[in-house]
Amino acid sequence: MYCFVQLLAATVAVEGPLSLPAEVKDDLMGLPPVAYDGLCALLVVVAALMAVYFARGAFDTPILTLDDVPAPPRYMTQRRQYRLGMIAYIGLCLIGYILIVAFYRQLSPFFAPFEPEPLRKLVQTYVQESQLSFPVVVVLGAAALVTLLKIEHEWNPFYVLRRVVRAWVCIPELANHIMEAARHNLTVPPDERKIVASDPTKLVDIGDFDKDRQSLDRIWAEICYLRLWLNRNRDVGLHLTFFNEPSFAWSTLETNFAKMHAQIVPLKQAQKSIAFGPEFFEDTAARADRLRRQYCRLAACFIVFKNETKRAAIRDATQFGARVASLEVRTNPMRHALVFLVAIVVSINLGVWLSSALWDLANPAAAAAAISASTEDANLATLWIYFGLAAYGAPIVVVLLLRYLGWVYDPEQPSSYLNSYAAIFVIALCVSVAALALAAEFGPGAAAGKPILGLLYADFKWGWAPALICLYVVYHVDRHIDPLLPDVGMLGSEGIPQRLISCLLFAIIVMVVAALPTRSLSVSSGSAWPVEKLHAVVVGTIFTIAFVVALVSQFGFGKRSSGALASARLANPMVHAP
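Here the sequence shown is numbered in this note's numbering, starting from 6 and rising by one per residue.
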């Protein structure tokens, strides 16, 4: 396991993609190397197992449905998608933990300007001067990870990551769509109407299914159909674990149905011995509507849970009577590419100028001793725009083009958004590294004319941050143009403050990822900037790119509100426009 940790952490090391920081092998209390390595391996194994256990529990935390009733996420998506989401979330948590543990010393200088003086002295003593041993770091890191996994707040990156991964595997997106379609636009199939009406104990007439949707007769007829459909699937016996889930309260639903039946019978039979006042009708109608909502919730979750693909779930929902729009014409995602390219150019200029100015402000002595950097700033900004468009702009354009071509070929949603985004990340990483290497090969700078393979190897470490930004862009563009995905600001409780926090957290994550390769940069003897300033400006500029692009993704677009989407909203109230 320790070798695995070394290999995984080595992929983002500062000196190159295959080296591990030597600091992680510091001796502890004079232990022999074999004993020290054994202790480290044991601690890493225990920490990893703890992380897996608590990450799994955090991902399986019940979430609120449209009824504001918690439901287990494993019953709100396909089983295969749930397993993929669980594995992805656990894996991302482990990767984040391992990177922090392996590179905590390399990362600490970048956070020094934001640390208060007492904390800065503590970090200087125990982190940068190597007084904090690697086993202690493993234990403290595991404790911090477990704590963060239990905190559900917008500033917590692991909480945001959990929500994002759940959205990638359609939790609770598809279940909510089917639920709303069943509640507001349920069309009971003709054969099912005959079956329900043929049961004399239910007192349902076949014409009740065509009455006003808010009428008590229509509500009761749909309740009888929903219960019949669920009981039929329950009697098959293949999904007893689903119906025995405590949060669905099947036995309570059956009890409530029996009570409602006893209340409906006198109304249907118009018994003269009972005086029906307005309060009786209002109470009966309210209880019936609440019962119908509960049955719709259970039916929607069951349809999603029992089908292995989203397409199969949508097909079953249509046969069930809850039609969900699945073949909507999407807008061309390529029309957003120019906006992001402009955002990258603006953020590079802003990032270079602002980072340089802040560094000079924080280090007045070094700034006064250095050559005036105004010309240096301008030259760097121009040069970095060239390389920034190659590293950050090229993958966004390529991936959006592939997204468009994929939807032209197949107008339905991807069978798995999680698999789709994994492929997008790999493609963006490869495109970013290749574009940056070609820009260096044929552009200005010392790297011009060098072997392309050597440039690809050297630039590999710079591709991770652009790949993350590209993934963020595509995820939000999908939510803008896909009518079956919740619009930006409509997932959970995403108000403007939460969305701003999300942008800031994402920029910080990208900055941390970019900080590792930045440590390998050096300056020539005649440079106007010291190496510390170069590091600060590079990291600050990448942070600015990530933050500006995130702002554009969050606030720059909205769902279209005409044509096919307008028809979809009439059939499905879950399809919104901002």
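Glycine is no exception: its CB is placed at the ideal position from the N, C-alpha and C atoms.
Item: Is Glu-227 buried or exposed, if buried means 16 or more other CB atoms sit within 10 Å of its CB?; Value: buried
Item: Less than 9 Å between the beta carbons of Val-493 and Ser-352, yes or no?; Value: no
Item: How is Ile-176 classed by DSSP in three states: helix, strand or coil?; Value: coil
Item: Roughly how many angstroms lie between the CA atoms of Tyr-422 and Cys-175, to the nearest whole one?; Value: 8 Å
Item: Buried or exposed for Asn-354, please, with buried defined as at least 16 other CB atoms from any protein chain shown within 10 angstroms of its CB.; Value: buried
Item: Thinking just about the alpha-carbon of each residue, which of His-540, Arg-167, Leu-258, Tyr-87 is nearest to the one in Asn-424?; Value: Tyr-87
Item: Among residues of its own chain, excluding the 5 on either side of Phe-511, which ones have a beta-carbon nearer than 7 Å to its beta-carbon?; Value: Tyr-477, Ala-551, Ala-555
Item: Which of the three DSSP states is assigned to Pro-75 in this structure?; Value: strand
Item: From Val-403 to Thr-314, what distance separates their C-alpha atoms?; Value: 27 Å
Item: Determine the contact status of Asp-93 and Trp-173, defining contact as a CB-CB distance below 9 Å.; Value: Before going on, a small fix: residue 93 reads as Ala here, not Asp. It is a contact, given that the beta carbons lie within the stated cut-off.
Item: Would you tell me roughly how many angstroms separate the C-alpha atoms of Pro-26 and Pro-140, rounded to the nearest one?; Value: In this predicted model, Pro-26 has a pLDDT of only 41, less than 50, meaning its place in the structure is not dependable enough to derive any value.
Item: If we ignore side chains and look at the alpha-carbon of each, how far apart do Met-265 and Met-91 end up?; Value: 40 Å
Item: Rounding to the nearest angstrom, what Cα-Cα distance links Leu-460 and Phe-562 in this structure?; Value: 37 Å
Item: Please name the residue or residues paired with Ile-68 in a DSSP beta bridge.; Value: Ala-76
Item: From the DSSP output, in three-state form, read off Arg-218 for me.; Value: coil
Item: Between Ala-290 and Phe-307, what straight-line distance do the alpha-carbon atoms span, to the nearest angstrom?; Value: 26 Å
Item: Work out the CA separation of Ala-293 and Trp-225 for me, nearest whole Å.; Value: 7 Å
Item: Helix, strand or coil: which one does DSSP assign to Val-49?; Value: helix
Item: Count the other C-beta atoms from every protein chain shown that fall within 10 angstroms of the C-beta of His-158, then say buried if there are 16 or more, exposed otherwise.; Value: exposed
Item: If distances are taken between C-alpha atoms only, which option among Ala-317, Asn-337, Ala-180 comes closest to Trp-412?; Value: Asn-337
Item: Determine whether the beta carbon atoms of Phe-163 and Ala-63 lie at a separation below 9 Å.; Value: yes
Item: State the Cα-Cα distance for the pair Gly-242 and Val-169, rounded to the nearest angstrom.; Value: 34 Å
Item: Since I believe Ala-440 is in contact with Val-518 (beta carbons under 8 Å), could you give me their beta-carbon distance rounded to a whole number of angstroms?; Value: Actually they do not touch by this definition, with Cβ atoms about 18 Å apart.
Item: Using the Cα positions of Arg-316 and Leu-258, report the straight-line distance between them to the nearest angstrom.; Value: 29 Å
Item: Judging by CA-CA distance, which residue of Ala-60, Asp-210, Ile-95, Val-165 is the nearest neighbour of Ile-514?; Value: Val-165
Item: Would you mind reading off the limits of the alpha helix (DSSP H) that contains Val-144?; Value: 139–155
Item: Could you tell me the distance, in whole angstroms, from the CA atom of Ala-193 to the CA atom of Gly-326?; Value: For clarity, residue 193 is Val in the given sequence; the question names Ala instead. Distance between the alpha carbons of Val-193 and Gly-326: 5 Å.
Item: For the ligand NAP, any of its heavy atoms closer than 8 Å to the Cβ of Ala-93?; Value: Annotation note on the ligand NAP: not contained in the displayed structure, which lists no ligands.
Item: In chain order, what residues of the same chain lie with their CB nearer than 6 Å to the CB of Val-209, ignoring the 5 residues before and after it?; Value: Val-201, Ala-202, Ala-226, Cys-229
Item: State buried or exposed for Pro-400, treating a residue as buried only when at least 16 other CB atoms are found within 10 Å of its CB.; Value: buried
Item: Considering only the beta carbon of each residue, do Val-309 and Thr-152 sit closer than 9 Å?; Value: no
Item: Can you give me the Cβ contacts of Val-350 inside the same chain, cut-off strictly under 8 Å, excluding the 5 residues immediately before and after it?; Value: Ile-390, Gly-393, Leu-394
Item: Considering just the uninterrupted stretch of the alpha helix (DSSP H) at Met-91, what are its terminal residues?; Value: 84–107
Item: Taking Cβ positions, are Phe-253 and Leu-303 nearer each other than 9 Å?; Value: yes
Item: Identify, in the order they occur along the chain, each residue of the same chain with its Cβ nearer than 6 Å to the Cβ of His-341, setting aside the five sequence neighbours on each side.; Value: Val-482
Item: Can you tell me which of Ile-547, Ser-525, Pro-449 puts its alpha carbon nearest to the alpha carbon of Glu-537?; Value: Ser-525
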